[in-house]
Each structure stands twice: as C-alpha cells, then as structure tokens.
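Chemist:
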Amino acid sequence: MRQFVFARHAESSMNAAQVLSSDPSRPVGLSRRGRREARRLGEQIRNLQLDLAVHTRLPRTRETAELALRGRDIPFVVEPGLDEVRLGALDGAPIRAYWAWKENHARSEPFPLGESLDDAARRYADALRRLVERPGEVALVVTHQIAIRYLLEAASGMRALDESGMRIPNAVPYLFDELALRSAVDCLDVLAPPRLELAEGGSR
Numbered sequence: 049m050r051q052f053v054f055a056r057h058a059e060s061s062m063n064a065a066q067v068l069s070s071d072p073s074r075p076v077g078l079s080r081r082g083r084r085e086a087r088r089l090g091e092q093i094r095n096l097q098l099d100l101a102v103h104t105r106l107p108r109t110r111e112t113a114e115l116a117l118r119g120r121d122i123p124f125v126v127e128p129g130l131d132e133v134r135l136g137a138l139d140g141a142p143i144r145a146y147w148a149w150k151e152n153h154a155r156s157e158p159f160p161l162g163e164s165l166d167d168a169a170r171r172y173a174d175a176l177r178r179l180v181e182r183p184g185e186v187a188l189v190v191t192h193q194i195a196i197r198y199l200l201e202a203a204s205g206m207r208a209l210d211e212s213g214m215r216i217p218n219a220v221p222y223l224f225d226e227l228a229l230r231s232a233v234d235c236l237d238v239l240a241p242p243r244l245e246l247a248e249g250g251s252r
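So for the sequence shown, the working numbering puts the first residue at 49; every next one is plus one.
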C-alpha cells in the first residue's frame, strides 16, 4: 500500500528567534540546529525507497528535504497548498503576537491582511487530496507545524481543530498509508466547515 511520510521542517532561524514567518518570499533558512535535525531525519528514513519529495514554497521546507535526502536521486515537487498559515500583517512579529491575536478571535476570522485558520484548514485538505492522487508509492512531505497538527487531529478523531494542545516537533517523521490519509482528509473536511458566502446585496 502507498505510504506518505510527513515531517515538519527542521528548526529555522526564525523558530530559534521566536519570530513568525509565513511569507514564502522571505529567505528564511534553517538554523545550525535545524541542519542537524534535517540530517537526522534523513537517517531515520534512509531505508525507505522514496519516489517523491514534496515541500512548500517556504525555503526552510526545501532545505530540510535537501539535507535529509542528500545523495539520493528523488524528484522534488512544490505544493503551495501546504504553505504555512498566511499571517499577513503579523509576519515578522514575535510569536507571542500570534497567541495573543488567536486568543481573542474566532478561527473563522482572518489574520490582518492574511487568512483565517479555517481557511488554512480547507487549503490543507485540498492539498492533501491532490497529494494522495499523485503517482508514486512512497512520498516524503515536508510542511509546517499547523498543517501536520490538523492532519493528526483529524486522524485521531478529534471533534475540533486546535483543541488537542498537540505540539509537533521539528523534523520528526509521521507515517500514513493511503487509506489512513484519505480517511484523515475526509475528517478534516468535516472539521473545517465551508466558508459562508454572502448573498448578493447582503451586508457584512
């Protein structure tokens, strides 16, 4: 059966500084510790015969995959749908600004000039659905903490996202077979309600 190995990127320089980073155009790479973590991930998955490596548009995911798979001839694919939550005006702010904003706003409310957590969850579900339809028996998918947490919460049968308190460590692999991934995506669809569209002429 097809298999998918998910991993959060290794520690970035912004992680180490406790600063938010969601803009793919910013050249945020791995810290020294992160480079060690990426190489350790490579050791953990060395015996898997990978057919594909998927990463997001943020450089730290590509760098993690490159270090983990150094010396292996594996094609790389970018999946923008698995990008970090788009934080808009909070990008570059201390991480405490994220927690302060989140504490006082609903999941359906977008970050200033960004997207909402519900928007991100729907985006992740769409991206994961595309992923499961790709050819290849085994894929490494390097993405971000919230994407993996939502996937694990959906797979665990949680009744709501973001209520598990689950923290996703850097560069640790999580293995899903195709059936489990499809099931988790179906659950994520339920946990991320569709956006309500305003009727023509309606008020905001």
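Just so it is clear, CB atoms sit at the ideal spot from N, CA and C, and this is done for glycine as well.
Between which two residues does the beta strand (DSSP E) carrying Ala175 extend?
Modeler: Segment Leu165 to Glu181 is the alpha helix (DSSP H) holding Ala175; no beta strand (DSSP E) there.
Chemist: By DSSP, does Pro221 sit in helix, in strand, or in coil?
Modeler: Reduced to three states, the DSSP call for Pro221 is strand.
Chemist: State the CB to CB distance for the pair Leu100 and Pro128, rounded to an integer number of angstroms; the pair is presumed to be in contact (CB under 8 Å).
Modeler: Their Cβ separation, rounded to whole angstroms, is 16 Å, which puts Leu100 and Pro128 out of contact at 8 Å.
Chemist: Short of 6 Å in beta carbon distance, which residues of its chain neighbour Leu188, apart from the five on each side in sequence? Order them along the chain.
Modeler: Cβ neighbours of Leu188 beyond the five flanking positions: Val53, Leu98 and Ala101.
Chemist: Which stretch, first to last residue, makes up the alpha helix (DSSP H) that contains Val102?
Modeler: Counting along the chain, Val102 falls outside any alpha helix (DSSP H), though it belongs to the beta strand (DSSP E) covering Leu100 to His103.
Chemist: Name the two residues that bound the continuous beta strand (DSSP E) containing Leu188.
Modeler: Val186 to Thr191 is the span of the beta strand (DSSP E), which, as asked, contains Leu188.
Chemist: Suppose you measure from the CA of Pro241 to the CA of Arg105; what does that come to, to the nearest Å?
Modeler: Approximately 25 Å between the Cα atoms of the pair.
Chemist: Which word fits Gln66, buried or exposed, when buried means at least 16 other C-beta atoms lie within 10 angstroms of its C-beta?
Modeler: Under this definition Gln66 is an exposed residue.
Chemist: Would DSSP call Pro142 helix, strand or coil?
Modeler: Looking at Pro142 - three-state DSSP - the assignment turns out to be strand.
Chemist: From the DSSP output, in three-state form, read off Gln97 for me.
Modeler: Of the three classes helix, strand and coil, the one that applies to Gln97 here is coil, per DSSP.
Chemist: At the level of alpha carbons, what is the spacing between Arg108 and Gly184?
Modeler: Going from the Cα of Arg108 to the Cα of Gly184 covers about 24 Å.
Chemist: According to the neighbour-count rule (16 or more other Cβ atoms, all chains shown, within 10 Å of its Cβ), is Ser60 buried or exposed?
Modeler: Buried, by the Cβ-count rule.
Chemist: Can you tell which of Asp131, Tyr146, Ala55 and Met206 has the C-alpha that lies nearest to the C-alpha of Asp167?
Modeler: Ranking the options by Cα distance to Asp167, first place goes to Asp131.
Chemist: Using C-beta distances below 6 Å, list every residue in its chain close to Leu135, excluding the 5 sequence neighbours before and after it, in chain order.
Modeler: Only Leu68, Ser70, Phe159 and Gly162 meet the Cβ criterion.
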